[in-house]
Amino acid sequence: MAKGGVGGVRVLALCFLSLLHLAAAGRVYDVLRYGAKGNGRTDDSRAFLNAWRDVCADRDNPTLLIPSRATFLIKGLTFQGKCSSSVTVKIDGDIVAPEWFWTNEYVSLMSFHNVNRLTVVGGGEIDGKGKIWWDCFNRKEEKCTNRPNMMSFAFCNDLTLRGIALRDSPSKHLTFFASARISMSGLRISAPGDSPNTDGMLIALCKHVVVSSSTIGVGDDCVAIGSNTTNVTVSNVKCGPGHGFSIGSLGGDSSPVTVKRVHFLNSTLTNTTVGVRIKTWMSGGTGQVRNVMFKHINFTSVRKPIQIDQYYCPARNCQNRTSSLTIENVQFAHLHGSSSDELATELLCSKYHPCRGIVMRDVHFRWYGVAPAKSACFNVLSSRSYGRVLPSLNCVAG
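Residue numbers for the sequence shown, in mature numbering (1 follows the signal peptide of the UniProt record, and there is no 0): -25 to -1, 1 to 373.
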């Protein structure tokens, strides 16, 4: 074929691909066209829901657009499925919660329920205006016992979150429940280190979850894994301030629990109260936590870099029942850095169901980078250490 002919074919191919992309993108539903004001003062909730009604009914891959250069005030919205097609929510503008106590129920600023093939993207920011809620909670006032979360997803399969920013949620920033095949990347989540219960994300009853390349600094766990969650990979996440990466707490309602194949990889923890931990209630629950890996994580001034705590009981009034969860096959590998507390590694396993298969491989911490750190270890069986492990653990064979 002549050179010019090849070039023409390439141009036609590119045009065809562009047309396919436009067709795949579907119609755009701008909330401004549904009466949203975008001035940060007027309640735009009704406009968002009216736009969502049409988006969810569209059979051709529609997009709900929150446009840039505007700020939208909303409160307590539920975006309900099932929808007729895959849906994209594009958050280019900013979203804010009211600066008053707008609910006394345990709800979220934005909830997605039973929406499959959902993608949430954009460079905008969602601000939960959490300070009034934190102050009220710290004063133990009844009206703010149930603080709202920022965004929640329940029964949402094939879910993608990419590039969004969340700030100052009254309680948890992201929650995921009973969903599968979730992908998150490029998230920016922030709240003061002393803001109560402002987890970056809580993932429960979910499977096949990937979290990558995100920055989380909050007042509780950066990432928390809840009950009956499997096949989770968290990688390249910068955490701090906060309470680190946590599995648990588990077993609080005495229900059966399974958490397995959870991996935290290639991440950093800075100025957190805990680094990596597994936490179960001492007062009940059955089931197991197994096949967990914490690997290639760097710690800077972390109060307690490694913790397994099977005696969790905030009220200090729990009985140590024989039905404690079992913890098996947990690997701590290539974890390095500094501890801001002398006790850097703490493995406190159940008296009745000792931890088994704990592996320490090339794990070393210094207390503020100067003095040797210490460890505590109880009820750990059939476990091994390899390479340099400091502080050493007398219950883990070398």
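Glycine included, each C-beta is placed from N, C-alpha and C at the ideal position. The structure presented is a predicted model; accordingly, all values stated were derived computationally and were not measured.
Checklist entry - Do the stretch 181 to 194 and the stretch 225 to 234 touch if we need at least three Cβ pairs shorter than 8 Å? => result no
Checklist entry - Ser276: which of Ser313, Val3, Arg2, Arg137 sits nearest, CA to CA? => result As a position in the sequence shown, residue 276 is number 301, starting the count at 1. The option with the nearest alpha carbon to Ser276 is Ser313.
Next on the checklist: Let's see if you can read the secondary structure: which residues bound the alpha helix (DSSP H) around Ile107?
Outcome noted: Your numbering for residue 107 matches position 132 in the sequence shown. Ile107 -> alpha helix (DSSP H) spans 106 to 113.
Checklist entry - Which class does Ala140 belong to by DSSP, given the choice of helix, strand or coil? => result As a working mapping, residue 140 is identified with position 165 in the sequence shown. Here Ala140 sits in strand by DSSP.
Checklist entry - Which runs of the beta strand (DSSP E) spanning at least 3 residues fall entirely within the stretch 23 to 64, listed in chain order? => result 38 to 41, 46 to 48, 52 to 55
Next on the checklist: Please identify the residue among Val6, Asn354, Asp29, Lys326 whose C-alpha is closest to the C-alpha of Asp19.
Outcome noted: The residue given as residue 19 occupies position 44 in the sequence shown. Of Val6, Asn354, Asp29, Lys326, the residue nearest in Cα terms is Val6.
Item to check | Helix, strand or coil at Arg122 according to DSSP, with G and I counted as helix | outcome: Looking up residue 122 in the sequence shown gives position 147. The three-state reading of DSSP puts Arg122 in coil, since its state is none of H, G, I, E or B.
Item to check | Proximity of Leu52 and Val95 at Cβ, strictly below 8 Å | outcome: Here the question's residue 52 lines up with position 77 in the sequence shown. Here the question's residue 95 lines up with position 120 in the sequence shown. No, they are not a contact pair.
Checklist entry - Going by DSSP, which residues form a beta bridge with Val364? => result If you number the sequence shown from 1, residue 364 lands on position 389. The partner list for Val364 (beta bridge, DSSP) reads Val338.
Next on the checklist: With DSSP as the reference, identify every bridge partner of Arg244, one or two as the case may be.
Outcome noted: Here residue 244 is taken as the residue at index 269 of the sequence shown, counted from 1. Per the sequence shown, the amino acid found at residue 244 is Leu instead of Arg. Beta-bridge pairing links Leu244 to Cys214, Phe274.
Checklist entry - What is the DSSP secondary structure of Arg252, counted as helix, strand or coil? => result The sequence position of residue 252 within the sequence shown is 277, counting from 1. If DSSP states are grouped into helix, strand and coil, Arg252 belongs with the strands.
Checklist entry - How about Ser165 and Gly103: do their beta carbons lie closer than 8 Å? => result Here the question's residue 165 lines up with position 190 in the sequence shown. Here the question's residue 103 lines up with position 128 in the sequence shown. For Ser165 and Gly103, no; Cβs fall outside 8 Å.
Checklist entry - By a C-beta neighbour count over all protein chains shown, 10 Å radius and 16 as the cutoff for buried, is Leu225 buried or exposed? => result Here residue 225 refers to the residue found at position 250 when the sequence shown is read from its first residue. Result: buried.
Next on the checklist: Going by DSSP, what residue range makes up the beta strand (DSSP E) through residue 381?
Outcome noted: Outside the displayed range of the chain (-25 to 373) lies residue 381, so it cannot be described from this structure.
Checklist entry - Out of curiosity, what's the CA-to-CA distance linking Pro366 and Phe128? => result On the sequence shown, residue 366 is found 391 positions in, with the first residue counted as 1. On the sequence shown, residue 128 is found 153 positions in, with the first residue counted as 1. Cα to Cα, the separation comes out at about 41 Å.
Checklist entry - With contact counted as at least three CB pairs below 8 Å, one residue from each stretch, are the stretch 148 to 156 and the stretch 109 to 119 in contact? => result no
Item to check | Among Ser146, Ser158, Met125, Cys119, nearest to Gly138 - alpha-carbon criterion | outcome: For this step, residue 138 is matched to residue 163 along the sequence shown. Per the Cα distances, Ser158.
Item to check | Closest by C-alpha distance to Val305, when choosing among Thr17, Ile49, Phe76, Arg265 | outcome: Reading the sequence shown from its first residue, position 330 is the one you call residue 305. Closest option to Val305, Cα to Cα, is Arg265.
Item to check | Arg16: first and last residue of the uninterrupted beta strand (DSSP E) it sits in | outcome: Numbered from 1 along the sequence shown, position 41 holds the residue referred to as residue 16. 14 to 18 is the extent of the beta strand (DSSP E) around Arg16.
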